[in-house]
Each structure stands twice: as structure tokens, then as C-alpha cells.
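In what follows, a single structure is set out as C-alpha cells and then discussed.
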Amino acid sequence: MKEATDDSTPTNRAPQAVINVAGVPLQEAGSCLIEEPSDPCAIVIIGACGDLTRRKIILALFRLFKSGGLPDPFLVVGTDLNEITTGEYREFIKESIEVMSGESPDADAWDSFVTRLHYLSIDPEDDSPYSSLADVLKQQLRAFRIPANRLFYLAVPPSQYVNVVRNLGKAGLAAESEDWSGWARIVIEKPFGRDLKSAQDLDTHIHQYFREHQIYRIDHYLAKETVQNILMFRFANAIFEPIWNRRYINHVQITAAETLGVEHRAVYYEQAGVLRDMFQNHMLQLLAMTAMEPPSVFEADRVRDERVKVFRSLRPFAVDQIHDHLVLGQYVAGEIGGQTVPGYREEPGVNPHSMVPTFAMAKVYIDNWRWQGVPFYLRSGKRMARKLTEIAIQFKRVPYLMFRNVLSERIHPNLLVLRIQPDERITLTFQTKFPGAKVCLQPVTMDFHYSTVQQGALLDAYETVILDCLLGDHMLFVRQDGVEQCWAFLSPILDACETCADREQSLHFYEAGTWGPRGADDLMQQGGCAWRLS
Ligand code: BG6
């Protein structure tokens, strides 16, 4: 007879699933990665030799292919001005994957992936070659036995959107009937216009050829795992929602700091500046995710409705008191990571007298029942001390200090930080008793790192958007009413900033490698709030 064994001894234990703190097994590696296979289709990249394709799209496609996220069969047709053959294009793609991932693509996966890549040299803005694109696409789809499903990814500068959309439309490529019986989708990157009017014009133009369900407007911040997690954190836990309001929250700081400068994008950035580049989209989307009401169901349009309601509730800035709400800055030369870096005005392609802001801090209010009177400080800048995106929820102080007879110092209020990137984590700071006879308090931090539960490969933001677009899921994409609401909020501010008489005096300079201009510090102090970053 076998001796009874103590199953709790480590040696006798069956191999265990990884268990988290609550004793619940974590998801198997990859089990949450892909929901369902998408339809076989052709992915057409317009601007296939450009920076966005090289840096983001191709690597995302290759990774998705390796993890089984692309449909079977599929094909990729790249189009651009460059006069190269499909063979040369395949080499370009391989090199791009090597550079961006830091390693050669896995041989088996590459050999299979490469056969799906095709190239066609066309000028994106010239309408005549689009009929050859239609012919090539039809041939290839037939050869690969793929139904006529087409995804058009516009990886071209925004100035070309209008022409490319018209050319696709005129060549019949946007149609979802007759000749082309499958679906047709178009992916467009921000910026969507440069103000309310141009955003509306662009949308009207796109709608001449594509219907709303065919349009996917990307804000890649929405596709970051940690940004999606804001909704899970808020609405899949019962303990946070009751205190997520004006009664308990003193203020919110949303930060997106970068160490990068303007890089080689001076032509674009000189027209955009930080308010168009980061605020109209990423910063306001982070705000919406933090402040929105729970939707009745986790479904694309219901979630997007709630985000748009936040934008509608933004209190318009009093433009005659703009300096009480907004600080703009521009970096001058400094040091980052031990390297001296030039100032914005010395960057290649930048006007040496440029007044374009590379930093902004805005104090905004949401006029609704939940958030009345709670300031949201949004700040973003280039060439700052380090790369950091986070949402810090600063709670109010305790209402009554019962320790006042034994404690000399004030008690720090609780702080919850959702770190979006890098070093993704959630921290909660609270007070504890410091051991000893004397009554002393000590703030401690409960720290959850995503890396401790991450079992499989995470999808990066571009993998997520491509996958969702293939699946026809609009949840992480921006709807036109949201785009317009954000412009409606920002356009008067931009007008005031760009036309005011004291434009020069209102631009605060900050040294590269710091946390931005002093003026931003002052704005927070005026509101009784302190900088969190150091
Ligand atoms: C882009 C902006 O949308 O976002 C860039 O145009 C910025 O200027 C980038 O650098 C930041 O993205 P991430 O994912 O690196 O935080």
C-alpha cells in the first residue's frame, strides 16, 4: 500500500498554475491574446516606404503573423513613390524588422511571411495609377483565394489624406458591393485636421467615399494595454468607483513626458506644436478614460459615447484669462542621459525664431456632477527629464485630524498612480504607524507591477489597432464627434495663443532634461497643488 503523502510539501506538489495574490490562477500565456480569427484579407499600405511603416506597421504585422493574429490567408500590398521591385521591397522590410526589433526575423516565420508581401510603385497623390492598384489587388486576391476584403492603411503625411482618399474612392476601391463583394476599411492616423473646421472638412471628404463603419481613426494611446486597463481598474473593482469623484479627489495630474526632441519631424511639428500633437488626442483621451462614467455595456459605441460626454463637459477656457489655465514652454539646450542636446530652435528644419511650444500644462475642469471643482492638470513636453506617462489621483486630506495632539506634522493624503509607461504599474500610497512607542506615521506604497503577472507577450499598441481593425472592432478608435469636441475645446485656445500680443512673453523656456518651465510649477501652486515629478 502506498504511504499517504503530504500534498503540501513542495516535492509532491503537482506542477502549479501561476497564482496571483488572491489565489486565483493567472491566465495561461497567450490565452487572452487573440479573440477570434479575422476574415482573410489584403492589407494595403499607402506610404509603404515611409517612417511610420518602417518603425511601427511592419513590425506589428510580423509579430501578429507570428502569434497567429493575422487571418489565413492574407496578403500585404505596399505602395509608394519609390521605384523598387517587390524583391527590393521585401529586403527593405526585412532590414526594418531587424533595426526595429534588434534581431533578425525568425527564419521559418520570415520565409512564410515574405511570400505575402508585394509592392507597387505609385505616387499616392496621383489618381491614374490607382486603377492599376485595383487590378493588381484583384489578381492577387484571386491568386491567394481571398475574398475581396481590403484594409487601406494611410501611412502618408496628413496633407495627402484628401488626395489618397479621393483616389481610392474614384478607383472604386472603397466599395463594399458589386465588383468588390468583401469589406473595405480605411485606417487614418491623427492628426485629424488642424482645427475644428479642417477636421470637419476632412471628414466630409472621407465620407464621400467611405461610410462611418469603414473608418478607423487611430489614437495609439487608446490601444496601450495600461490605458485600456483604466476601465478594468475602475469598473471591474467595487472599491474605487465610490470614491472616484469630487467628494474624495482633490485633483488629478495627467503627464506625458518624453525625452525625445522633435527629431526629423520639424516640418510637421512647426505646424503642430504640443497642443495639436499631444493634447487634442492623447492627453484628452487619457482624461476621458479617467473621468468617464461607466457605460451600460462594454461595447464600442457605448464606451465611445461616454468618452465623448467627457469632452462635451469640458469647461471652455476663459481666453482673456488664459494664463491662469495654461503654461506653454519651449526647450533650450540641455543635457539628457549625460548627452548634450540642442534647443528646439537649433533643431534641423526649425525656424530659429520659432514660437512653437514643445511643452504645455493646462488646468482643465469638467462641468458635471461627478467632477465639479476638481482640477485636472494635463502636462506634456518633449526633452524632459525622463520618459513617463502617468495618471496621478491625489485624494483629499482626512476630514478631521484626531492625531493632532500627538503628531506635529500634517498627514499626507493618499495618492493613487496609474503608470501608463514605461515600467507599467499601479501604486497606492497610504499612512501606517512607524513601529515604536512614540506615535509616528510613515507613508508606504503598495506597488503592483504589470511585469509580475505578464505571462505571454503583450500586444503593442500598433498590433492592437491592426488586429481590432481586422476584426472590425471600433472600441479603441476615435469617433468623429469625439474629434470635433476635442477641437471645439482646443481651437479657441490655439487661436488665443497664436494671435495674442504677448505671445513672446507667454512662452516659457526650459532647459532640456528638466521637468519643464517654472511657470508650470507656479500654476500648480496657485491651485494649492504640488508637482509630483522629480
Ligand atoms: C505621437 C506624437 O502621436 O506620440 C509624437 O506625434 C510623440 O510627437 C508620440 O512622440 C508619443 O508616443 P509614445 O507611444 O512614445 O508615448
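Numbering (the numbering used here), first residue to last: -7 to 526.
Glycine included, C-beta positions come from ideal geometry on N, C-alpha and C.
Every value quoted in this text rests on a predicted model; they were computed, and no experiment measured them.
Please tell me whether V319 and P509 are closer than 8 Å, where the distance is taken between their beta carbons.
yes
C-alpha distance - I85 paired with L53, whole-angstrom precision:
Roughly 11 Å between the two C-alpha positions.
Given 8 Å as the limit, is there contact between the segment 344 to 359 and the segment 290 to 297, that is, 3 or more CB pairs closer than that?
no
With burial defined as no fewer than 16 other Cβ atoms inside 10 Å of the residue's Cβ, what is the status of W361: buried or exposed?
exposed
Among D312, V266, Q423, R411, which one has its Cα closest to the Cα of P405?
Q423
Cut-off 8 Å between Cβ atoms - residues of its own chain near F440, not counting five sequence neighbours on either side:
Excluding residues within five positions, the ones whose Cβ falls inside 8 Å are R417, I418, T419.
Just confirm the distance between the C-beta atoms of F105 and L410, as a whole number of angstroms; I'd bet it's less than 8 Å.
At roughly 36 Å, the Cβ-Cβ gap does not stay under 8 Å, so F105 and L410 are not in contact.
Tell me the residue span of the alpha helix (DSSP H) that contains R82.
For R82, the uninterrupted alpha helix (DSSP H) segment begins and ends at 78 to 93.
Pairs of beta-carbons, one from the segment 151 to 169 and one from the segment 191 to 210, closer than 8 Å: are there three or more?
Look at the beta carbons and you see the segment 151 to 169 touching the segment 191 to 210: at least three pairs across the two are nearer than 8 Å.
N- and C-terminal bounds of the alpha helix (DSSP H) containing K162
153 to 162
Would you check if there are 3 or more beta carbon pairs closer than 8 Å linking the segment 83 to 97 to the segment 475 to 487?
no
Pull up the CB-CB distance for T218 and I412, whole angstroms please, since I reckon it's below 8 Å.
5 Å
Just the C-alpha distance for G326 and V333, rounded to the nearest angstrom, thanks.
Roughly 6 Å separates the two Cα atoms.
Using a Cβ-Cβ cut-off of 8 Å (strictly less than) and excluding sequence neighbours within five positions of I403, which residues of its own chain qualify?
R389, V390, L393, F395, Q423, L433
In whole angstroms, what is the alpha-carbon distance linking Q132 and W507?
52 Å
Within 10 Å of its beta-carbon, does M438 have 16 or more other beta-carbons around it, so buried, or fewer, so exposed?
exposed
Hey, would you say A40 sits closer than 8 Å to A176, going by beta carbons?
No, they are not a contact pair.
Please find out if some non-hydrogen atom of ligand 1 comes closer than 7 Å to the beta-carbon of A215.
no
Using the Cα positions of D103 and F144, report the straight-line distance between them to the nearest angstrom.
24 Å
Alpha-carbon spacing of F136 relative to D359, whole angstroms
54 Å
Residues that D439 bridges to, as DSSP identifies them
T419
Relative to the C-alpha of K216, which residue among I235, T251, Q277 is closest?
Q277
What is the DSSP secondary structure of M376, reduced to helix, strand or coil?
strand
Under 6 Å Cβ to Cβ from N564, same chain only, skipping five residues before and after it: list those, please.
Missing from the structure shown is residue 564; the chain here goes from -7 to 526 and no further.
Endpoints, beta strand (DSSP E) assigned at D293
Residue range 292 to 304 is occupied by the alpha helix (DSSP H) that includes D293, with no beta strand (DSSP E) assigned at that position.
Below 7 Å CB to CB, which residues in the same chain sit around F303 once its five sequence neighbours on both sides are set aside?
L276, A280, G474, Q477, C478, F481
Go through its chain and collect everything with a Cβ distance to E382's Cβ below 7 Å, but skip five positions before and after it.
Cβ-Cβ distances below 7 Å link E382 to T247, V409, L410, R411, I412 in the same chain, with the five nearest sequence neighbours on each side left out; the list follows chain order.
Fully enclosed by the segment 29 to 81, which alpha helix (DSSP H) runs are 4 residues long or longer?
50 to 58
Note down the Cα distance separating I328 from R371, rounded to an integer number of angstroms.
19 Å
Would you mind working out which of F66, K48, L468 sits nearest S30, comparing C-alpha positions?
F66
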